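Single-structure report; data block below.
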Amino acid sequence: MNKKIEIKKGTIPRLLKYIGKKYKGRLVIVFICIIISAVAGVMGSLFLQTLIDDNIEPMLLNNSTDYAPLLKSILTMIVIYVVGIISTYTYNILMTIVAQGILKDIRDDMFSKMQTLPIRYFDTHTHGDIMSRYTNDADTLRQMISQSIPNMFSSLMTIIAVMASMIYLNAFLALFVLIFSIITIIVTRYFARRSARYFIKGQRSLGKVNGYIEEMLNGQKVVKVFTHEEQAKEAFDILNEELRSDSYNANKNANVTMPIAGNLGYLEYALVALISTFVTVNNIMPLTIGTVISFLHLTRSFQQPVNQVTNQLNSVILALAGAGRIFEMMDEEKEEDNGYVTLVKVKEKDGKYVEAKEGMWAWRHPHHDGTLEYVPLRGHIELNGVDFSYVRGKQILYDITMYAKPGQKIALVGSTGAGKTTITNLINRFYDIEDGKIRFDGININKIRKQDLRRSIGMVLQDVFLFTGTIKENIKYGNPNATFEDVVNACKLANAHDFIMMLPKGYDTMLTGNGQELSQGQRQLLSIARVAITNPPVMILDEATSSIDTRTEKIVQDGMDKLMEGRTVFVIAHRLSTVRNSKAIMVMEHGKIIERGNHEELIAEKGEYYKLYTGAFELE
Amino acid sequence: MLKKLLKSLREYKKDTILTPIYVVFEVVLEVLIPLLMSKLIDDGISGGDLNIVYIIGGALIVCAMVSLVFGMLAGISVSRASTGFAKNLRHDLYYKVQDFSFYNIDRFSTSSLITRLTTDVSNVQNAFQMVVRTAVRAPLMLITSIIFAITISPKLSLIYLIVAPVLGFVLIFIAKKAHPIMKQVFETYDDLNNVVEENVSAVRVVKSFTLEDEEIDKFKGVSNKIYQGFVKGEKILAFNSPMMQFSMYTCILLISWFGAHIIVSTGATELTTGSLMTLFTYTTQILGSLMMLSMIFVTITISRASAERIVEVLDEVPDITNPKNPITRVPDGSIKFDNVSFSYVKEKNKEVLKDINLEIKSGEFVGIIGGTGSGKSSLVNLIPRLYDVTEGDLFIGGNNVKDYDLKMLRDEVACVLQKNVLFSGTVIENIMWGDINASFDDVVKVCKLAQADSFINELEKGYNTHIEEGGTNVSGGQKQRLCIARALLKKPKILILDDSTSAVDTKTDKLIQKAFKEEIPNTTKIVIAQRISSVEDADKIIVLDNGKINGVGTHKELLKSNKIYREVYESQMKGSDDDE
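Put into structure tokens, the structure is as follows:
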């Protein structure tokens, strides 16, 4: 094998821990049932010897018609078989519950863990990569726990039971069967390994073909516009043939294994028959007919579980590799949060703030000296000498200093890649700054519990994401406790109400696939309404109205103005109309603030801002 | 449906036919072997005749070897047939989709087409492999085993006739009962994936609303539903193997009891101990093949829906095709709309464009302004015949668009779509979509025109920088400029920009316009824009409202005469600073 599947150290014990956590008792029952079921099967084979040697042969010899002993042994067998069947049923049912339960636990833990991971994790892992842990890896794990493990255990039990019976019947023949089985295992392992190798290759080719199909079909309209159909076909044909060849090789090796193992079993059977007859007839080691027949039957019962174990081994290895990847994600470092300043509701009493059920929001700030301070939540944001880089050595922001007093509107403008969005991502601590300080109401944001910090900052992002669910549910996303009236009010504020009412089901219209039923502009309006309902003291609007046509924007603007009233707002926009009435405008370039001031001042300055936005700029 | 699918077999027909033939030999031998075994026991071992043991033993070995060869052959040919069939199916589907018009693509939706080409093809491939191999094997095994059993002992074979139908019935019953539950579970799986997918792409939204816990609850809800469904379904399926054991054991015990009676009462003349053994082997084979039949039943049910979805695509008729004697040259870039109406759905009163009459001269710069849903994109999509007009006629270079060769027409009419995509590959590879024979200098030239050259040179690897799928590693404005450059490389007679500079800043936008004017004066340029500044220098601006032309004129004329245009202009120039 040129590519070994690696199983990380510690995967198996960790998996066992999951299994042991809740299901120890049930698993013990499962294993007992498997043993009983396997023994019952083997007893069946041994029964044939009894049947022939102790019942039929003597009756034939003595010409007896006394069926009582036969009836007795058959009745015994009925009892054994019934116990066997009940055991099989019990362990099948229990195993389902155990396997699905474990899988649910792993899935839930994986998702809970994912929610705590920092944004950086999502930046550095592709969606497909994360998704495949929930789908492919979890699926192979499911198969392993619910099928491979019980199967292998049951097979192993059968092998032991059969081997014991064979040795009991005849140790010499048993040795022969054992050696032959080992040869069979080696041969089938060879094909199974080849198959597994191509299988992995095939999965990769399948991924490639599916990826190609997805990319090209998503861009199918562009393909048509560029009349690129022929090239698209050519590239597809190459990938498609590669996939065929890999999956052919994988399937071929897998499909060939079964007839080989099966027929080697027949070969073994014939050889056992020849040898046993030979030794009996030549009086080397005389055997009774019953023994030979019983032995032959055992040989058949031996082969099948041996093949099972060999087959299942591959899926176990694949599943363990998958489990390794799942645990790898669970081991990722959590988003760090050492914040101890929290958001509480306070009331003023005798000139001091005290915590109360109702009242205004305030930061609860315990100081090192043990004193407690309540700072009213107002939305004062201050950045002081902030440096930042996503990747070390590639600085994005240089010495950013700016402030926004409560209720002020600050605009960030500049060409794409200047670092405008990055600044907003620092204020709510999606990323941590490298140098400098950011303060919220005078408190270093590193001291504030992230949850409370983010709750006090409403964000409308450049790329709108809507969730599967009704429009109402999507708006309520901002505030799960909101009433329907709140929802309608928020939508009216964002000017989304009118178009929502035009939809056949109004607020109960289902959105799927990131709201693809709606236009980009409508989706932006919804995402504004979603923030409006949270009523945050600070708002960040990152190109929030870029896809709304200017006539509609003018209508939205009134609502937006109302929405921004009394809040600290950071606006990123290309459009003059959106930024013009800001208290201060920061013009950014290459991660630095190069100009600042209000609209009139900047126009008078005749600098970059003037060039960018007046339209009166002259071509060189 | 089956006929349509099997058309895709083509060069793999031979293997598809050979497989069942190999399987027939394999099965016959597998049924023959137990018979030889009983002979070996009766005549050889019991009779103590060494010669017979050697002869039959030798025959057994030969049979096993031959069966092994046929088994391998069947395994190989079925692999070749099924993987080849899947390849051809994917090929046919993909080629078919390439012939689809925009209308056809819209009808299916992209995501559903993707599922049909990926998951559905895999399902059909699995079912095909199973059916070709086992659909012959299982019934044949069942029938020959029963026949051979009857030749050994017709009386004892009656036991099979009772047990086998009962087992078959129960197995099918279990499958039928469990299948809908499992199907539902797998649908719930889609929900689960959807939640994960949404949370991965919208991680910033979740975090900024601090709704991590709510999302976890949502996920656990779906996760629990899957758990419940699986347990419910597998509880039914768990009857399968005890049911098999029950039938097997019943057969063995009944055969033992009655077999012993027959042997003893007839003094081992009618039935021998050896043939009793053989009957046990046939029991396994008969019941095993019943199990296989129930599995085939399930597989076919599962893949049936997939097969139907595939055939739907194969049956779709592309609604725009090349004319019979196409015109292969577009004389110039003039455009004339003559009473054009258009609707996406093929029914009346849902028109997106109504009675459009418009003439554009070759080389003109035309701007189009209008609100969302006013029909701007629909209008320009008609020009390269991405959709066909519903009523009226559209002329390009004096000829009806329907008379042109499609490929040539679309090469001459370059359209930068609103929802544009870049493909994974280098910058230069993406630009060269416009013209695969272009030189590097040509590429640089169009990138300069589209104001993309400067930022490309700032990228780490310049023109050889790798663009991720969908162009996620360049900003919106950069992506738009690359898309414009790609269209320019076609050297078209007509260039259409459908809101293609919305993310480009005003300064760059102006520079692009200036370059167009100076470098490609003879190309007809049609620009859809939200910003007045993008179109104010146009020779002609068209104001669209509700699918109708509301006004045509220059910037100055429209400011005077057109209410909508004036409103848009004011909203952009003044903003909302009146209250300051």
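For the protein sequence lines, the chains are A and B, in the order given.
Each residue of the first sequence is one higher than the one before, counting from 1 in my numbering.
Each residue of the second sequence is one higher than the one before, counting from 621 in my numbering.
Every residue, glycine too, gets a C-beta built ideally from N, C-alpha and C.
Nothing here was measured: the structure is a model prediction, and the numbers come from that model.
Using a Cβ-Cβ distance cut-off of 8 Å, determine whether residue i contacts chain B.
i, result
"LEU51(A)", "yes"
"GLY44(A)", "yes"
"PHE465(A)", "yes"
"ASN151(A)", "no"
"GLN308(A)", "no"
"VAL28(A)", "no"
"PRO480(A)", "yes"
"ILE56(A)", "yes"
"ARG193(A)", "no"
"GLN100(A)", "yes"
"SER247(A)", "yes"
"THR227(A)", "yes"
Would DSSP call residue i helix, strand or coil?
i, result
"MET586(A)", "strand"
"VAL354(A)", "strand"
"SER37(A)", "helix"
"TRP361(A)", "strand"
"ASP337(A)", "coil"
"ASN285(A)", "The residue you asked about is not Asn; residue 285(A) is Met in the sequence shown. Residue state, collapsed to three classes: coil."
"SER731(B)", "helix"
"ASP939(B)", "coil"
"PHE985(B)", "strand"
"ILE185(A)", "helix"
"THR88(A)", "helix"
"GLN570(A)", "Looking at the sequence provided, one finds Phe at residue 570(A) rather than Gln. Three-state result, PHE570(A): strand."
"ASP1198(B)", "Here ASP1198(B) scores only 36 on pLDDT, less than 50, and its place in the model is too uncertain to base an answer on."
"THR291(A)", "helix"
Could you spell out where the beta strand (DSSP E) holding residue i opens and where it closes?
i, result
"ALA411(A)", "409 to 414"
"ARG596(A)", "592 to 597"
"GLY1173(B)", "1168 to 1173"
"ILE1003(B)", "Taken as a continuous stretch (DSSP letters only), ILE1003(B) belongs to no beta strand (DSSP E), as it is neither H nor E."
"MET539(A)", "538 to 542"
"ILE1056(B)", "Looking at the DSSP string, ILE1056(B) is not in any beta strand (DSSP E), and its letter there is neither H nor E."
"ASP975(B)", "973 to 980"
Near residue i, which residues of its chain fall below 6 Å by C-beta distance, leaving aside the five closest residues on each side in sequence?
i, result
"THR96(A)", "none"
"ALA1034(B)", "ALA1107, LYS1110, PRO1112, LEU1115"
"GLY1097(B)", "ALA1123, VAL1124"
"GLY265(A)", "GLN303"
"GLY894(B)", "SER658, ILE661, ASP662"
"ALA529(A)", "ILE475, ALA490, CYS491, ALA494, ALA496"
"PHE722(B)", "LEU1006, TYR1007"
"GLU631(B)", "none"
Does the beta carbon of residue i come closer than 8 Å to any beta carbon on chain A?
i, result
"LYS634(B)", "no"
"LEU831(B)", "yes"
"LEU1079(B)", "no"
"SER867(B)", "no"
According to DSSP, which residues form a beta bridge with residue i?
i, result
"ILE1016(B)", "ILE955(B), ASN1019(B)"
"ASN444(A)", "ARG439(A)"
"GLY561(B)", "Coverage of chain B is limited to positions 621 through 1200, which leaves residue 561(B) absent and any answer about it impossible."
"ASN384(A)", "LYS437(A)"
I'd like the span of the alpha helix (DSSP H) that includes residue i, first residue to last.
i, result
"TYR168(A)", "149 to 169"
"VAL643(B)", "633 to 659"
"ILE52(A)", "Segment: none, ILE52(A) is in no alpha helix (DSSP H) and carries neither H nor E."
"LYS716(B)", "670 to 719"
"VAL790(B)", "774 to 821"
Identify, in the order they occur along the chain, each residue of the same chain with its Cβ nearer than 7 Å to the Cβ of residue i, setting aside the five sequence neighbours on each side.
i, result
"THR639(B)", "ALA694, SER697, VAL698, ALA701, VAL752, ARG753"
With a CB to CB cut of under 8 Å and the five nearest residues on each side skipped, what residues in its chain are close to residue i?
i, result
"SER773(B)", "GLY879, ILE882, GLU890, LEU891, SER895, LEU899"
With a threshold of 7 Å (Cβ to nearest heavy atom), would residue i be considered close to the ligand COA?
i, result
"MET868(B)", "Ligands are entirely absent from the displayed structure, and the ligand COA is therefore not among its contents."
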